[in-house]
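Engineer:
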Amino acid sequence: MSFASDIKEELSKVNNLNNEKILEAEFLGYILTGNTTDDENTITYITENDFNIERLYRILFELNIRYEPRMKGKFYLAIIKKSNETENMLKMKLNLNIELQKAVVRGVFLGAGSVSDPNNQYHLEIIFQERNNANYIINICNNFNIKIKLMESKEKYYLYIKDGEEISKFLALIGANKSVLAFEDIRVVKEMKNNVNRLVNCETGNLNKIVNASVNQINNIKLIKSLNRFDEMPEILKEIAILRLENPDASLKEIGGMLKNPIGKSGVNNRFKRINEIAEGYKEGEHTSNKEKC
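If you count the sequence shown from 1, position 32 lands on 31 in numbering that gives the first Met the number 0, and the numbers rise without skipping.
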């Protein structure tokens, strides 16, 4: 099964069937979603997910709400007869306590929610047909400090979360405790891998810088030698130049430690800058000379 189905299975088994108010709030969540249609006499809920429909059927049974189960291809339908009770439940939205708010959000997620496999990406979304219903759930989530965003597309409204921590908080809110632990396990491993990759990329970048700088230093030293100007340099520059030729892979810090009088990375860098400047001066002189010959 998918990660989303695992969550739905867990939620479908939440043991609160003896609490009528919570079941009414959960039922309200179902009928607020984009998977319901409402006409004069009935409310129709449709889904492909076994756990979604099984939970709804059980809620309807416990609340003594008349409904007709039906199949339409691969879809499950619950055709719910409107009554004074169902109309009253639609008016429940005001003045719900904390537990009832959680139940509404759980019903909304069961009714039309999904979560991507966290191994691939962090993405939770819930579909609505009416903006007012989506905004109602946003307000509840905000009450629990969960950041959830709204997007409109093709006459549908989508609430979505793309942050791993916020998804974890949302799953905890709706009572999917086992799924929270599984999600966090995946998230920890994923974050560790990302950190390792960042470190490797950083080390690789630093290594490339060291290699490129070393190659440039060696080429400049060889140029100075080829022009028989090496001995004209100060002793401190000749010493460091010889060490670079003998240790092409060494870092600036390592080179500094090899000197007779060791110095730090900054001092080594300054000496190589002076060598590079000397080499660049010879290159410019050679370029000028060639132009005069032309």
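Heads up, the beta-carbon is just placed ideally off N, CA and C, and yes, glycines get one too.
At which residues does the beta strand (DSSP E) containing Y121 begin and terminate?
Structural biologist: Counting along the chain, Y121 falls outside any beta strand (DSSP E), and DSSP gives it neither H nor E.
Engineer: Rounded to whole angstroms, what's the CA-CA distance from N275 to E234? Just pull it up for me.
Structural biologist: Taking the straight line joining both Cα atoms gives about 16 angstroms.
Engineer: Taking M70 as part of the beta strand (DSSP E), name the residues at either end of that continuous run.
Structural biologist: Its beta strand (DSSP E) spans residues 66–71.
Engineer: Assuming L22 and I173 make a contact with CB atoms under 8 angstroms, what is their CB distance in whole Å?
Structural biologist: So it is not a contact: roughly 15 angstroms between Cβ atoms.
Engineer: Given this structure, state the Cα-to-Cα distance separating H286 from N118, to the nearest angstrom.
Structural biologist: Confidence in H286 is poor, its pLDDT being 47 and thus under 50, which makes the residue's placement unreliable; the coordinate value appears in the next sentence. Their Cα atoms are separated by approximately 58 angstroms.
Engineer: Tell me which residue opens and which closes the beta strand (DSSP E) that M257 is part of.
Structural biologist: Here M257 belongs to no beta strand (DSSP E); instead the alpha helix (DSSP H) covers 251–257.
Engineer: For E61, I'd like the list of residues in its chain whose CB is within less than 6 angstroms of its CB, leaving aside the five on either flank, ordered along the chain.
Structural biologist: The residues are L16, L22.
Engineer: Buried or exposed: L226, going by 16 or more other Cβ atoms within 10 Å of its Cβ?
Structural biologist: L226 comes out exposed.
Engineer: Would you mind sorting V199 into buried or exposed? The rule is 16 or more other CB atoms within 10 Å of its CB.
Structural biologist: Label assigned to V199: exposed.
Engineer: Give me the Cα-Cα distance between E39 and R69, rounded to the nearest whole angstrom.
Structural biologist: Roughly 19 angstroms separates the two Cα atoms.
Engineer: At what residues does the alpha helix (DSSP H) containing F60 begin and finish?
Structural biologist: Unbroken alpha helix (DSSP H) run through F60: 49–61.
Engineer: On the DSSP bridge assignment, give the partners of S113 in chain order.
Structural biologist: E124.
Engineer: Using a 10 Å radius around the Cβ and a threshold of 16 neighbouring Cβ atoms, would you call V97 buried or exposed?
Structural biologist: Looking at the sequence itself, residue 97 is Ile, so the reference to Val does not match. Exposed, since its Cβ has fewer than 16 Cβ neighbours within 10 Å.
Engineer: Can you find at least 3 beta carbon pairs, one from the segment 138–147 and one from the segment 108–117, that sit closer than 8 angstroms?
Structural biologist: Judged by Cβ distances under 8 angstroms, the segment 138–147 makes no contact with the segment 108–117, as fewer than three pairs qualify.
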